[in-house]
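Data block below; observations after.
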Amino acid sequence: DPNAPISVDPFRTVAKEMKFLTSNIRQLVGSGHPTLDTVAKYYTQSEGKYVRPMLVLLMSRATALTPKLERGIGESGWNVDRPITDKSILTDDNPSAPEYGELNAISQEPVLNKVDGDSDILPSQRRLAEITELIHTASLLHDDVIDHSISRRSAPSANVEFGNKMAVLAGDFLLGRASVALARLRDPEVTELLATVIANLVEGEFMQLKNTARDEKNPVWTEDTVTYYLQKTYLKSASLISKSCRAAAILGQSTPEVVEAAYLYGKNLGLAFQLVDDMLDYTISGEELGKPAGADLELGLATAPLLFAWKDNQSLGKLVGRKFSGEGDVAKAREIVSKSTGLEQTRALAQEYIDKAIEAISAFPESDAKNGLIEMCTKVLKRRN
Ligand code: FPP
Ligand code: MG
Ligand code: MG
8 DPNAPISVDP FRTVAKEMKF LTSNIRQLVG SGHPTLDTVA KYYTQSEGKY VRPMLVLLMS
68 RATALTPKLE RGIGESGWNV DRPITDKSIL TDDNPSAPEY GELNAISQEP VLNKVDGDSD
128 ILPSQRRLAE ITELIHTASL LHDDVIDHSI SRRSAPSANV EFGNKMAVLA GDFLLGRASV
188 ALARLRDPEV TELLATVIAN LVEGEFMQLK NTARDEKNPV WTEDTVTYYL QKTYLKSASL
248 ISKSCRAAAI LGQSTPEVVE AAYLYGKNLG LAFQLVDDML DYTISGEELG KPAGADLELG
308 LATAPLLFAW KDNQSLGKLV GRKFSGEGDV AKAREIVSKS TGLEQTRALA QEYIDKAIEA
368 ISAFPESDAK NGLIEMCTKV LKRRN
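Note that full-length UniProt numbering has the sequence shown beginning at 8, numbered continuously upward.
This is how it looks when you write it as structure tokens:
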């Protein structure tokens with residue numbers, strides 16, 4: 008029955024590969040400096056949802072069955088295991104040098120390959136999955152400093168535990184190690200994609216901090232308000248997901264059509280993911296989220312539910328203009344949003360993007376991995392944390 012609901016646990020489809028993820032990531036961010044080592048590994052203690060690595064692995068497996076470029080599995084696909092020949096990187100007298108040695112050891116005898124010898128997921132694609140999580144975790148370390156957040160993954164956030172300086176530096180360190188791992192894939196296009204993601208994360212965060220699209224003091228709702236929000240959302244959240252899905256297809260030597268389909272899937276899923284995130288900030292308790300709830304208004308941020316409410320309640324403009332800093336602004340805004348259709352409209356828009364994501368990969372041959380990608384879409388809409 009083609010209309011039967013798909014029920015594939017996406018995690019089980021790539022469970023073998025996921026099993027090594029945390030330990031591989033911990034190895035990638037190891038440092039000879041004990042404190043840096045601790046801070047860098049801090050967010051790997053409580054396992055995250057691993058949405059991004061899971062998507063990369065599922066996309067890798069799903070595209071393994073699609074048309075390939077003439078040259079087939081090329082050099083880049085396996086170069087993850089190429090040992091470093093420039094010994095100077097390994098022997099410089101910095102505290103993390105021994106760990107670089109360890110990193111090199113991974114690349115010579117990859118833990119990754121212990122998964123199995125004949126997997127349809129390439130070692131480079133598994134490493135890409137780890138790189139996406141490193142970049143994501145780096146952005147969370149920085150984000151929690153910017154947002155003055157006190158908790159993450161149901162534990163004190165790194166900035167609370169170690170202070171802002173160490174949290175920022177640990178984020179930078181993760182980006183450095185992600186760059187090393189990326190360079191070792193020896194694929195310039197993939198390197199360019201993931202480097203662009205890092206720039207996009209900063210651009211998205213800047214757009215969120217400083218809204219240039221309107222008269223700041225007394226903004227008026229226009230269609231541009233939503234356009235700006237969606238562009239910000241792409242940069243902040245969908246860029247990493249879309250470009251890493253694209254990179255997974257590229258590493259698998261997929262044809263341009265397949266690469267584009269992978270990208271569109273990730274872009275639409277990523278936009279839906281953040282819309283739901285912005286909705287949960289209004290609807291779910293902090294306890295369930297594992298991080299502070301209702302934080303966006305407190306931070307002065309107007310996200311989708313409020314922007315939709317604003318369209319029908321011009322009075323919100325004044326509050327947006329002063330970033331909800333007036334006495335009672337946050338409560339007032341919350342009440343207007345709850346009485347509006349803002350949350351419904353946000354969910355409906357997320358659903359539209361989810362439909363587009365599923366449509367993007369409709370031409371992929373049927374497989375558990377493809378069903379896993381579809382199931383990830385359903386999960387994004389149903390998620391509560
Ligand atoms: C979480 O958003 C944060 C992001 C998706 C990206 C943040 C990006 C930066 C801080 C730019 C600099 C980072 C790097 C790595 C270059 P949120 O605050 O809405 O979500 P939350 O509720 O999980 O905190
Ligand atoms: Mg935050
Ligand atoms: Mg933030």
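Think of the CB as a built atom: it goes at the ideal place given N, C-alpha and C, for glycine as much as any other residue.
Since this is a predicted model, take the numbers as computed values, not measurements.
Taking buried to mean at least 16 other C-beta atoms within 10 Å of its own C-beta, is residue i buried or exposed?
i: Q260; result: buried
i: P41; result: exposed
i: E54; result: exposed
i: P60; result: buried
i: V344; result: buried
i: P17; result: buried
i: S161; result: exposed
i: R354; result: buried
i: P263; result: exposed
i: E24; result: buried
i: P130; result: buried
Let me check one thing: in DSSP terms, what residues is residue i bridge-paired to?
i: S158; result: P163
i: S261; result: K75
Considering only heavy atoms of ligand 1, does any lie closer than 8 Å to the CB of residue i?
i: E212; result: yes
i: K325; result: no
i: L282; result: no
i: S146; result: yes
i: residue 3; result: Lying outside 8 to 392, the shown extent of the chain, residue 3 is not represented and no answer is given.
i: G178; result: yes
i: D362; result: no
i: D288; result: yes
Less than 6 Å between C-beta atoms, sequence neighbours within five positions excluded: which residues of the same chain meet that for residue i?
i: G211; result: K239, L242, K243
i: G124; result: Here G124 scores only 46 on pLDDT, less than 50, and its place in the model should not be relied on; the value that follows carries that caveat. Closer than 6 Å at the Cβ level, and outside the excluded window around G124, lies no residue.
i: S146; result: L208
i: L201; result: L189
i: Q352; result: F315
Is residue i near ligand 2, in the sense that its beta carbon is under 8 Å from a heavy atom of that ligand?
i: D150; result: yes
i: D285; result: no
i: A302; result: yes
Please work out which residues of its chain come closer than 8 Å, Cβ to Cβ, to residue i, disregarding the five sequence neighbours upstream and downstream, and give them in chain order.
i: residue 400; result: Because the chain in this structure spans residues 8 to 392, residue 400 falls outside the shown range and cannot be described.
i: A69; result: I368, F371, S374, A376, K377, G379, L380
i: V266; result: R253, A256, I257
i: E137; result: L28, N31, I32, L35, P60, A188
i: A324; result: In the sequence under discussion, the amino acid at residue 324 is Gly, which differs from the Ala named in the question. Same-chain partners within the cutoff: N225, P226, V227, W228, W317.
i: G293; result: S158, P299, A300, G301
i: D76; result: Just to set this straight, residue 76 is Leu in the shown sequence, not Asp. Contacts found: Q260, S261, T262.
i: T198; result: L189, A190, L192
Can you tell me which of the options puts its alpha carbon nearest to the alpha carbon of residue i?
i: N392; options: L296, A357, T310, N320; result: L296
i: M286; options: L388, I153, L148; result: L388
i: E196; options: K250, D288, G293, F27; result: K250
i: T348; options: K325, L326, G328, A311; result: A311
i: Y235; options: E223, F315, N218; result: N218
i: K48; options: G307, P163, A177; result: A177
i: A174; options: L182, G183, Q358, H149; result: H149
i: T203; options: N320, I142, R19; result: I142
i: K26; options: V46, Y57, F169, D44; result: Y57
i: V233; options: D179, Q52, A309, L181; result: A309
Can you list, in chain order, the residues of its chain with a C-beta nearer than 7 Å to that of residue i? Leave out the 5 residues immediately preceding and following it.
i: N207; result: L242, S246
i: V167; result: I157
i: F331; result: L304, G307, V337, A340
i: V15; result: D375, N378, G379, E382
i: T139; result: R59, P60, V63, L247, S251
Under 8 Å: does the beta carbon of residue i sit that close to some heavy atom of ligand 3?
i: Q215; result: yes
i: D154; result: yes
i: L306; result: yes
Can you find a C-beta in chain B that's less than 9 Å from the C-beta of residue i?
i: T20; result: Absent from the structure is chain B; it holds one protein chain and no more.
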